[in-house]
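Same order as they appear, the protein sequences are chains A and B.
Going left to right, the first sequence walks through residues 0 to 410 as numbering that gives the first Met the number 0 numbers them.
Going left to right, the second sequence walks through residues 0 to 312 as numbering that gives the first Met the number 0 numbers them.
The block underneath contains the structure these notes are about, expressed in structure tokens.
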Amino acid sequence: MNNPGDVKIPIGPQHPALKEPESFLLTLRGEKITSVNIKIGYNHRGIEKACEDRTYIQDLYLIERICGICSHSHSTCFVQAVEEIAGLEIPRRAKYLRTFIAELERIHSHLLWLGVAGHEIGFDTLLMYTWRDREIVMDLLAAITGNRVNYGINTIGGVRRDINAGHIDASLKAMDILEERTKYYVGIAQEEITLKKRLSGVGKLSYDDALRLGAVGPTARASGVARDVRKNDPYAAYTEIDFDLITDDHCDVYGRTVVRLKELLQAYKIVREVLKNLPDGPITVKAPRKIPAGEAVSRYEAPRGEDLHYVKSNGTEKPDRVKVRAPTLANIQAVSHMLEDGYLADMPIVVAAIDPCFSCTDRMISMHNCGTRKEEIVSWEFVHAKGIEWYRNKGIDFSQLNKKLHSMMNK
Amino acid sequence: MGKELFNILIFPGLLFLCVFGLLAEFVDRKLYARLQNRMGPPWFQPLADFIKLLGKEDVIPTEADTAVFKLMPVVALSAAVAAFFYIPLWGTHALYYFSGDIIVVLYLLLVPTLCFFLGGWYSRSVYSMIGAVRSLTQLFAYEVPLFMCILAASLLANTWSLSEMAVFYGRHPGYWIFNSLGFVIAFISLLGKLEKVPFDIPEAETEIVAGSFTEYSGRLFAFFRMTIDVELVVGASLIAAVFLPFGLGVGQQLGFVVYLLKVFLLMALISLSRTIFARLRIDQMINLCWKYLAPLAFLQVLISLIIKWVLVK
């Protein structure tokens with residue numbers, strides 16, 4: 000396949016199309032992509048390992064910071080696993096509140112995605128409009144939880160904050176405004192010619208391929224796969240709430256847009272129903288500090304797809320092992336398939352269409368040995384020492400600063 | 000001699016064009032922002048950007064061909080300014096005119112695009128090279144409909160000079176209506192020439208960073224930016240002169256106001272298209288130009304020939 004006319008073009012690790020550092024090495028023939036080499040792992044933060052050194056309550060806040068967009072997803076997923084091990088049955092009101100925040104999060108995430116998708120195809124007006132509307136739900140989240148992101152509402156055994164009549168009124172009003180705006184965007188998606196031209200037939204993923212490559216979330220649902228944890232394996236209050244599982248058979252980026260837009264409309268419906276049927280009662284039950292030994296897997300439908308957490312406890316106040324499988328890891332497998340034989344111009348939107356969150360996904364540092372050009376897996380200590388040495392060579396020495404910090408902390 | 004130098008360097012030459020170009024950029028940005036529900040920049044922002052870029056360091060890639068890399072922004076700017084002298088603006092006659100100046104203007108307006116290509120190609124960066132090739136590919140798509148539309152208008156006037164065309168349309172005030180199809184096609188082609196949305200494919204930020212300009216910085220980039228602003232004004236003036244030939248005989252001051260209005264109308268249309276369209280793909284753009292615009296432009300030529308046969312004896 001080595002054609003002299005082939006051009007290798009790196010998209011990433013630093014590139015304006017990407018919000019996070021990842022590398023896509025594309026081989027181009029003219030404007031057509033002939034092969035793709037995806038490398039993830041530029042953003043590994045070692046959260047799973049760090050969880051083992053902290054208590055469950057501390058982990059909750061750490062886990063929440065896996066992702067800035069679907070923070071509630073990760074924290075709920077983790078807390079569900081812990082509650083399962085501890086055998087805690089959380090109050091109904093807490094379940095409803097978790098569902099409420101989860102759907103608000105889905106709304107802001109999908110609106111954000113719509114704007115990003117618009118930007119990737121050079122339609123910045125859509126970005127400006129959707130992000131303006133996203134502020135409504137962000138303000139709502141800030142009013143209810145105190146934060147725009149990383150809401151900190153979950154705790155083991157329930158939720159930390161209750162809502163009042165004012166919050167409910169404000170939420171219902173916001174849902175009306177957002178529903179009207181979303182219907183306008185649905186209209187744009189159906190009528191705007193350049194938008195349709197750029198999204199239709201791009202990033203094809205057939206039903207079989209979606210199953211074979213294990214796609215999740217809107218990516219799978221746009222290929223006709225009825226896969227949604229909220230329906231397949233209901234958690235929180237989803238058992239008691241009536242909503243539609245949205246699928247679409249376009250099997251392309253346009254289908255993914257349609258699925259997300261329709262899911263927005265469903266989310267407004269869910270929020271209304273949750274607030275209508277909100278049961279009274281306590282919002283939390285007392286949880287033990289030490290979680291009994293055991294293990295559990297928890298599934299959660301994050302805005303980007305199925306999030307999966309595995310927690311193993313050993314009877315102490317710290318977990319033995321925490322494992323996170325973010326939705327992007329499931330979808331990234333499909334991306335190289337979707338990109339092949341596509342156009343370079345479609346690359347940003349195809350990657351954006353899975354709504355990637357690479358830093359949630361990253362799990363390892365890969366090092367290239369400059370001498371042998373080979374990839375090596377190295378230990379944490381090696382990277383640590385290497386980092387110190389690198390800074391020292393640049394004339395920056397943190398050892399004095401470290402000593403000062405320690406003496407200040409010991410005072 | 001002194002008057003000519005004044006004309007070329009100050010008014011209506013280089014300085015006027017640069018100021019007008021910056022003003023046009025401001026109008027475009029402000030309008031674009033307001034249409035998107037944003038505040039938009041203050042009036043001096045384009046000038047501030049220009050001055051700031053002038054003060055920045057020029058980084059020239061080691062791989063790049065230094066001479067071409069440095070020369071291209073200047074050549075592009077001077078070509079765009081030179082084209083301006085042959086376009087009748089607020090009178091029936093341009094600053095300079097002769098029979099055949101249509102060809103010269105179209106040729107001079109082609110030069111900036113070629114400069115973008117050469118500048119990008121000799122930057123030796125993959126993004127620049129892809130952007131450069133896209134500039135050229137796009138050029139072959141929009142240039143034919145644009146030329147044919149202007150040719151159609153000149154056929155009706157039976158002249159090869161823009162100034163004589165202005166005289167002809169001044170004498171026959173209603174005739175511009177026969178060129179309205181050509182106006183639409185020429186406007187779409189102009190969007191391609193100016194690399195504006197939906198045809199900003201050569202500098203598609205999310206794919207190839209900044210296309211041809213990826214490696215440009217400092218003063219050289221400032222001159223490229225200025226070229227784009229000037230090209231915008233010159234392109235809009237050309238379209239206004241050929242397809243909107245009214246208000247030419249109303250005297251200097253009023254004529255100037257009418258000219259500004261015409262250019263700002265075209266600017267507003269460009270901003271509007273930037274707001275409501277997504278960027279097309281290069282293959283879609285070429286399809287559009289060859290499948291629809293070129294045949295329609297041909298139709299415009301036929302219309303002009305028939306009208307000429309019927310009306311102009």
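Note that the Cβ used here is the ideal one computed from N, Cα and C, for glycine as well.
Predicted model only: the values in this text are computed from it and were never measured.
In this structure B/PHE25 is buried. Its beta-carbon is surrounded by 16 or more other beta-carbon atoms within 10 angstroms.
Beta-bridge partners of B/VAL125 (DSSP): none assigned.
Fewer than three Cβ pairs drawn from the stretch 142 to 152 of chain B and the stretch 262 to 282 of chain B lie within less than 8 Å of each other, which leaves the two stretches out of contact. Across the set B/MET284, B/PHE68, B/LEU22 and B/MET38, the C-alpha of B/LEU22 shows the shortest separation from the C-alpha of B/ALA47.
One thing to note: A/ARG159 has its Cβ within 7 Å of the Cβ of A/ILE152. In terms of Cβ geometry, A/PHE99 and A/VAL273 form a close pair [threshold 7 Å].
Contact note: B/ALA203 reaches chain A through GLY121 and ALA344, using a C-beta cutoff of 7 Å and chain order. In this structure, the CA atom of A/VAL284 is about 42 Å from the CA atom of A/VAL350. By the C-beta criterion, the stretch 245 to 258 of chain B is judged not to be in contact with the stretch 207 to 226 of chain B, since fewer than 3 inter-stretch pairs fall below 8 Å.
In this structure, A/ALA221 sits away from A/ASN330, with a CB-CB distance that is not shorter than 7 Å. Chain A places a beta carbon closer than 7 Å to that of B/ARG280, counting this residue as a contact. Annotation: A/PHE23 is outside any alpha helix (DSSP H); the continuous beta strand (DSSP E) that includes it extends over 22 to 28. In the three-state scheme derived from DSSP, where H, G and I count as helix and E and B as strand, A/ILE106 is classed as helix. Secondary structure of A/ARG271 (DSSP, three-state): helix.
In this structure, the CA atom of B/LEU109 is about 24 Å from the CA atom of B/GLY217.
If you look at A/PRO347, you'll find it in the alpha helix (DSSP H) that goes 346 to 352. Here A/GLN332 is exposed: its Cβ has fewer than 16 other Cβ atoms, across all protein chains shown, within 10 Å. In the three-state scheme derived from DSSP, where H, G and I count as helix and E and B as strand, A/TYR299 is classed as strand. Straight-line spacing of the CA atoms in A/ALA235 and A/LEU96 works out to 9 Å. As summarised for the stretch 276 to 308 of chain B, the continuous alpha helix (DSSP H) elements at least 4 residues long and confined to that stretch are 281 to 286, given in chain order.
In the same chain as B/LEU237, and ignoring 5 residues on each side of it, the C-beta atoms closer than 6 Å to its own belong to ILE86, in chain order. Per DSSP, B/THR226 is one residue of the alpha helix (DSSP H) stretching across 217 to 242. Contact between A/GLY314 and A/ALA292 is confirmed by a C-beta separation of about 4 Å, below the 8 Å threshold. Take the alpha-carbon of B/ARG170 and the one of B/MET71: they are about 41 Å apart. Note that the C-beta distance between A/ILE84 and A/SER312 is below 7 Å.
Judged by their CB atoms, A/VAL321 and A/GLU47 are nearer to each other than the 7 Å cut-off. In the three-state reduction of the DSSP assignment, A/GLU88 falls in the coil class, being assigned neither a helical nor a strand state.
Listed in chain order, the alpha helix (DSSP H) runs fully inside the stretch 38 to 118 of chain B are 44 to 53 and 65 to 83, counting runs of at least 4 residues. The DSSP assignment places complete alpha helix (DSSP H) segments of no fewer than 4 residues inside the stretch 118 to 159 of chain A at 123 to 144, in order along the chain.
Cβ-Cβ distances below 8 Å link A/ASP251 to LEU198, SER199, GLY200, VAL201, GLY202, LYS203, LEU204 and ALA221 in the same chain, with the five nearest sequence neighbours on each side left out; the list follows chain order. Along the stretch 174 to 207 of chain B, the positions whose C-beta sits under 9 Å from a C-beta of chain A are VAL196, PRO197, ASP199, ILE200, ALA203, GLU204, THR205, GLU206 and ILE207, read in chain order. In this structure, A/ASP5 is the residue among A/ASN42, A/ASP5 and A/GLN13 with its C-alpha nearest to the C-alpha of A/SER34.
The beta carbon of A/GLY254 sits closer than 6 Å to those of ALA221 and ASP247, all from its chain and outside the five residues before and after it, given in chain order.
Per the coordinates, the alpha-carbon of B/GLN137 lies some 13 Å from the alpha-carbon of B/ALA203. In this structure B/ILE184 touches B/PRO144 by the C-beta definition: roughly 5 Å separates them, less than 8 Å. Shortest Cα-Cα distance from A/GLY280 to any of A/TYR309, A/ARG92, A/LEU343 and A/LEU103 involves A/ARG92.
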